[in-house]
Amino acid sequence: MEYFDKTYHPPGTSPGTLIDNEEITADKSTISVLDYTPHDFIEKELSSAEECAPYLEKDSITWIHLQGPIQADTLKNIGHIFELHPLTLEDILNKGQRPKIEEYDDLLFIIMSMPTEINGTIIIEQVSIFKGENYIISVHAGSLDPFELLRQRLRKTNSGIRQKQADYLLYCILDLIIDQGYPILENFSENIETIEEELLKASANKNTLADIHRIRRELLLLRRNLWPQREVINNLLRGENALIHKDTSPYIRDCYDHTIQILELIENYREMAAGLIDMYLSFTSQRLNEIMRVLTMIATIFIPLTFVVGLYGMNFSHPNSPWAMPELNWYFGYPIIWGVMIAIVAGMIFYFKRKHWL
Amino acid sequence: MEYFDKTYHPPGTSPGTLIDNEEITADKSTISVLDYTPHDFIEKELSSAEECAPYLEKDSITWIHLQGPIQADTLKNIGHIFELHPLTLEDILNKGQRPKIEEYDDLLFIIMSMPTEINGTIIIEQVSIFKGENYIISVHAGSLDPFELLRQRLRKTNSGIRQKQADYLLYCILDLIIDQGYPILENFSENIETIEEELLKASANKNTLADIHRIRRELLLLRRNLWPQREVINNLLRGENALIHKDTSPYIRDCYDHTIQILELIENYREMAAGLIDMYLSFTSQRLNEIMRVLTMIATIFIPLTFVVGLYGMNFSHPNSPWAMPELNWYFGYPIIWGVMIAIVAGMIFYFKRKHWL
Amino acid sequence: MEYFDKTYHPPGTSPGTLIDNEEITADKSTISVLDYTPHDFIEKELSSAEECAPYLEKDSITWIHLQGPIQADTLKNIGHIFELHPLTLEDILNKGQRPKIEEYDDLLFIIMSMPTEINGTIIIEQVSIFKGENYIISVHAGSLDPFELLRQRLRKTNSGIRQKQADYLLYCILDLIIDQGYPILENFSENIETIEEELLKASANKNTLADIHRIRRELLLLRRNLWPQREVINNLLRGENALIHKDTSPYIRDCYDHTIQILELIENYREMAAGLIDMYLSFTSQRLNEIMRVLTMIATIFIPLTFVVGLYGMNFSHPNSPWAMPELNWYFGYPIIWGVMIAIVAGMIFYFKRKHWL
Amino acid sequence: MEYFDKTYHPPGTSPGTLIDNEEITADKSTISVLDYTPHDFIEKELSSAEECAPYLEKDSITWIHLQGPIQADTLKNIGHIFELHPLTLEDILNKGQRPKIEEYDDLLFIIMSMPTEINGTIIIEQVSIFKGENYIISVHAGSLDPFELLRQRLRKTNSGIRQKQADYLLYCILDLIIDQGYPILENFSENIETIEEELLKASANKNTLADIHRIRRELLLLRRNLWPQREVINNLLRGENALIHKDTSPYIRDCYDHTIQILELIENYREMAAGLIDMYLSFTSQRLNEIMRVLTMIATIFIPLTFVVGLYGMNFSHPNSPWAMPELNWYFGYPIIWGVMIAIVAGMIFYFKRKHWL
Amino acid sequence: MEYFDKTYHPPGTSPGTLIDNEEITADKSTISVLDYTPHDFIEKELSSAEECAPYLEKDSITWIHLQGPIQADTLKNIGHIFELHPLTLEDILNKGQRPKIEEYDDLLFIIMSMPTEINGTIIIEQVSIFKGENYIISVHAGSLDPFELLRQRLRKTNSGIRQKQADYLLYCILDLIIDQGYPILENFSENIETIEEELLKASANKNTLADIHRIRRELLLLRRNLWPQREVINNLLRGENALIHKDTSPYIRDCYDHTIQILELIENYREMAAGLIDMYLSFTSQRLNEIMRVLTMIATIFIPLTFVVGLYGMNFSHPNSPWAMPELNWYFGYPIIWGVMIAIVAGMIFYFKRKHWL
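Residue numbers (numbering that gives the first Met the number 0), protein chains in the order written: chain D, 0 to 357; chain V, 0 to 357; chain G, 0 to 357; chain X, 0 to 357; chain Z, 0 to 357.
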């Protein structure tokens, strides 16, 4: 995971510049069109952007979806057909935009951040959406198409979506993007609990710290990218857009609730992760304490004994002096010394017990 | 306790989908009806949702309460009879919603979080309430019915509630839910004080850290679930709802005061819990200091002595050299060495005393 | 000090229920009446609540003060005479309310928190005040009457208060309650400075941590109870109440300034207390460092020496081998070994000096 | 520096009470008057407050400045002449007020906090200012007159101030007070950088912690006293005061910018000081680590060696047993033991090197 | 890097005073003029400020840029020609201003902070901009001209800028200044990741702490200087300025998005840097633990052994006493002692393994 996930032109580049950021192989990207009324339903894969044009004129609701690496040329063509502002096209190409909503005369431009988990790593993918009177254009640069489930619902003749207008389709798309957060947060919940249990069972190891740190990073990433969506949905909810009808409001409000709940969970997990760091530090210092206590016990017990045995290893031996280590020549000298040493050990153990160190 | 306590459909599911989340045995859930005017009072247990219908037409105030695991079918029926929005029904079924209030034409939909303590663990139960002109529908998925006390008050002919309108009953329900927080917070207060005393008496142990951590988790859970209730009650208080009469306002304000006070106490306890972590760390490092000091004392006193006795355990013995450890052959050699050692010990103790280490 | 300082009825109790919270001996509580115009002044102690009634009808300004444990019956009577809302009476009885202001038709109901220091412990006492057109009822459940000073000012014929209306008396009462904070904060200031000096002089001990913790607890308590008073006074200041006259405004503003200043001081002291924890931890780890350094010095100096003397305590003695510890038989063996040992010590001391450890 | 820097009357004292807080020797305080039009300029030192009266009636702009300890009597007289509210006079006398602005009918009353550095200690001095239609009264209780520079500018005939009205003089006074913050903050910057360098060079000592703590205290003091000035200047800037003319606005805005910048710098330094604590703790624990590593090296290298030499100091000597320490009698026993010991040391050093401990 | 980066006049200096802050050699500063219409384009280097005057009268769009050290005289002249407020000129000269926007009658004055990296150190350079109806004056005191890229775009006949009005040029200048933040933040991202990897690989060293600290300082510097730009751009965006045309709005909004995103990244990096400190402390204490564990192992294993060998180094030798260390004379005494010692070691290792210390 990189911290800096924004694609940008060098400062001073002309605004609205569209350049392919990487070498793109065209065959990985697809343009699909869904065109429906309550009764009719057309689904097609287009080979070039120009083919979108006829759908614009029809009264039916049209959903054009660009999946996979985005080519600057395709974008330019679509921008030309639908008369899109060049800055919006630049935003689509330069990934890593903040979620935002922009209102043009008869057009809404929305950028959303969709969290996805790939091989245990959380990445943020940008989904860009244009909503016109009766069409929606969505662009997703990732490799997996997240909207297949939605398309399945649309294909059914009795689908609720087909009875409604384009703003309901917009809601479905937004709802799907936002709800991607739930399984990811559920996953976080499990990870945090696992680490907690490890710490409480004192079976933490070096990787534990790295894991906590990774969780904090990912939560930071999520928060930064999901936080502005609150404002985006709220903007739709305020009902000032002619493009959003009143009866779609309860649905948008539902979206808003989910956004808020996901953000609150993220905040919660961030606090829990901070708590884990505290626990980890406590755990480390507790462990150090335990080790030090054992060292102290052994050392303090044996150091005096070692002195005692060293004492009687001395070679004082003035032949006539009664002061030259007479203990060495006592009849019970050796057992007495053992007694003294046992007494020292017993005294110390008693002292340590009383101090609650043992 | 799990961190992720939300039930959700997979992203992309059609909104308003009602599916039983678990296998539910119907006999655990009950539908009870209370129908009253100042003079009349009917209390009944219904066997199916359809039986609710006649009460809707009567002028009396009707309180329908669904207790226990909620069946999707029952909800669908009730939704059909009372013309409830499908998203509200989905919210009831998908537990773990944020507290919220939604206004429909002649209907209020309120979700509340009720904290409960079961076997020493705090869980959050969702209570969902619909308030129409003269009826209230409440849904509580938990196993214990929290409203029995309220029903007892209603059964009395001279009960204050029966003299008033449905909004007063709503207040009574909300008040009861909110006030569940007080005994739980009182419990927290005791736990925090117990841990504090342990830490100050230095009788903390491994479990102390786990206890502090558990308290923090639970407070986080409480805050997340109770915080939005502030907004819910405030919304009722603003008096913009035709469904809330002016003379109920002082009561709602009382509810609001309780909500605020509970939130402030939670914030307080959170700060105290953070303070406990500080204390715990200080306590651990203080303890380490104490142990290290003893080790240092013993070691620094005996290490030089051990050197001294080791010194005279050496076997230098050039027969003619006056330099070959002559001390060993002094008449008072052994007592002198004892004197030297006692002097070293005394000097060190004096030094340590002066440094305030002893 | 307890964290949970709120008296509450069990959840589900009917609102406005007035029950004596404890066994109360009536003779400890007093009802005093002050009735004044610029020229007249009556001061009386009433034996029952019913005696208040005549004062209500007079044009003079009446101040009724209930001091000491509050009896539910007395409250009920007063509530009946002055037509007070039952919820306000319940708030008076259930101590530990948040400071608040409630406006009824021709009545203001104010709850204030008055901090008091009793035997070095800070407690919060609730003062409840009703302000009608020309009367004030104040209730204080504590044992000490805080308003004696105010009464003394009232007794003087030329007293400024007697020239003015009931709202000025209200100001005087609020001002007195708020200003109780100053001596308490002055006291905190001294405590914090004392602890600081101890920590800087390294004469801190076990109690220091307990002291810091106590200060944090008390500041938390103060903040929670005084913070809402800001809103109470601000509400009076906004001048929307017909019961507060325009020329009292500068005085209320003065009250507001004091409230703010006290809150700012509390915040300041909270930050200083947090800083003290940092200092305490630094102090402990610094102390550990110092001790460890001494241990390291002594140990590292003597451990090699002990090895050396142990070396020559070995008993290798192949009679014919020139390799069997020939040093033991050198003429200058013993002095040389001393030389070696002194060199080791000197080298180490030099090394430690250079490393700034000594 | 004391934390509690507010002078206050005992709770319950009558508002507007003016009592000399300390014994004041009158000769230290001065009353100076500057009276000017674009053409005329009078500067005088008054011997009593009554002499101010004539200046009030003149059309010229009058600046009365009270410097030094303030006498209650002088204040009373001035208050009487200029009809000032008694609460404002009390605020002047009771030093340690929060900066604030109060609007009276044709009068502004402003309290400002001026930071000053005296002998390396930062203190906050209160400057109180009254602004009438064409006069300004300023009161400063400190010993040093900060306005001399301003007076010098006024004395010049072509001075910009003299061409303008009293509100421009007010701006000049405020600007001078606010700008006192710059040199003080510059000083903080240097102190923080010095400590940082010490910590990075590992030459920190006991005083370092005390220094960091002192900086935090002083920044807290500054923030508390300067923060409310933001609101004061903003109030002037909003242009609602008839006493501030429109063309003075850009100057007030300049004042506002300075206030904000100073507050932002204070916040910055506060964060840096918090960072210093982190560094200090890291530094201490790093140092402990280093010391412990050396101890471990020495101890772990010599402890096994000491065992080895102790081993061969044993006196096992069964005359006929081939098991009684035969090594002692080997021909190359002593050199072999040296070889073993050197091998142990080499092995350990290799092990430590690989572990990056050496 | 210095913390205090503001140039200021001594408190009390007359506002609008313009004095050269340093000795300035005139030849380093240049005045360049660009004057263009869609068709014409003039680029010139002026030798004195007076030469600007004729461009003011022309209808074409004029961009005057002052690069390099600013001379007070030049500023005075320009201020005179374009009738600029003296306070704005003082702000240009006194570097280190907060970014701000000020509106004069037909003029906008904008101060921006441009972060630049010089030799790995981040510095903030002030760019001051005046925007009149059809001219822009920009002042940049640094040594490198950041606007060359923009000029290149202007020189092209088909340049988009030349088709538009002066407010579009203003947008281009602001955009260029703001976008300077991206490469700098990308750099931060790399530094943080490098440190993270070091910490996780446990290859951190003394410089790591200094590096983290430097990053925190620089982020603090960036935040303080870039935060106010949010308000500046927002002010332009609100569209209240007659000088900003409606069709430039989407471009300004793009600027605003960039500003917000840069600020959010800064906040993110600040949190990550705080996390690094946590990691560093954990890492240090983990390392200490590891070292202590090894010390404990070695010490606890050898200390008892050393006691044992010391024991049999004692010289008890009463010739007739059977108690005088009989073990020394056992036939298998020495091997038995080896057995005892091996048993002790094995027991300890077993114990440590079970405790997970080994």
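From the three backbone atoms N, C-alpha and C, an ideal C-beta is built for every residue, glycine too.
Looking at the DSSP output, W62(G) bridges to L33(G), I135(G). Interface flag for S112(Z) against chain D is unset, since no Cβ pair is found closer than 8 Å. DSSP, reduced to helix, strand and coil, places S127(D) within a strand of the structure shown. In the assembly as shown, V308(X) is a buried residue. Its beta-carbon has 16 or more other beta-carbons within 10 Å. For the pair E56(Z) and S46(Z), the Cα-to-Cα distance works out to about 19 Å. Taking a contact to require three or more Cβ pairs closer than 8 Å, the stretch 203-214 of chain Z and the stretch 269-288 of chain X qualify as touching. Here the alpha carbon of N267(X) sits roughly 33 Å from the alpha carbon of D166(X).
When 7 Å is used as the limit between beta carbons, D277(D) is near these residues of chain V: I276, in chain order. In this chain, the alpha helix (DSSP H) harbouring E195(Z) covers 180-199.
Residue environment: F349(X) is assigned as exposed (fewer than 16 neighbouring CB atoms within 10 Å of its CB, all protein chains considered). Going by DSSP, M113(Z) is part of no alpha helix (DSSP H) but of the beta strand (DSSP E) stretching over 106-117. At a beta-carbon threshold of 8 Å, the residues of chain G lying near A298(V) are L294, I297, A298, ordered along the chain.
Taking a Cβ-Cβ threshold of 9 Å, the residues of chain X close to Y7(Z) are D178, Y181, P182, E185, H257, in chain order. Contact residues of the stretch 301-321 of chain Z toward chain D are I302, P303, T305, F306, G309, L310, G312, M313, N314, F315, S316, H317, S320 (C-beta to C-beta distance below 7 Å). In this model, T305(G) and R213(X) are separated by some 47 Å (Cα to Cα). Taking each of E185(V), L199(V), R292(V), Y330(V) in turn and checking the Cα distance to F351(V), the smallest one comes out for R292(V).
In terms of CA proximity to F301(X), I341(X) leads the group I341(X), M313(X), D104(X), K130(X).
The C-beta of E50(Z) comes no closer than 8 Å to any C-beta of chain D. The residue among I290(X), A272(X), R161(X) with its C-alpha nearest the C-alpha of I60(X) is R161(X).
Around the beta-carbon of R215(D), 16 or more other beta-carbon atoms lie within 10 Å, marking it buried. With a threshold of 8 Å between beta carbons, A203(Z) makes no contact with chain X.
The stretch 184-202 of chain V makes no contact with the stretch 9-16 of chain G, as fewer than three CB pairs between them are under 8 Å. Closer than 8 Å at the C-beta level to chain Z, one finds these residues of the stretch 62-88 of chain D: H84, L86. For I243(G), no beta strand (DSSP E) run applies, since DSSP gives it neither H nor E. By the criterion of a C-beta distance shorter than 6 Å, H139(D) is surrounded in its chain by Q66, V126, once the five residues flanking it on both sides are discounted.
Taking 8 Å as the upper bound on Cβ-Cβ separation, chain G lies near no residue of the stretch 327-348 of chain V.
Only residues of its own chain outside the window of five on either side were considered, and among them L175 have a CB closer than 8 Å to the CB of L148(V), listed in chain order. Short of 6 Å from the beta carbon of A52(Z), and not among the five residues preceding or following it, lie these beta carbons of its own chain, in chain order: I80. In this chain, I69(D) is not harboured by any alpha helix (DSSP H), its DSSP state being neither H nor E.
Counting the other CB atoms within 10 Å of its CB gives E42(X) a total below 16, which places it among the exposed residues. Identification of chain D residues near G159(V) by a Cβ-Cβ cut-off of 8 Å yields none; the smallest Cβ-Cβ distance measures about 35 Å. Taking a Cβ-Cβ threshold of 7 Å, the residues of chain V close to A209(G) are L199, in chain order. Partner residues in a beta bridge of I300(V), as assigned by DSSP, do not exist. Below the 9 Å Cβ cutoff, chain Z contributes T283, L287 as neighbours of L287(X), in chain order. For A165(V), the closest Cβ of chain G is not nearer than 8 Å.
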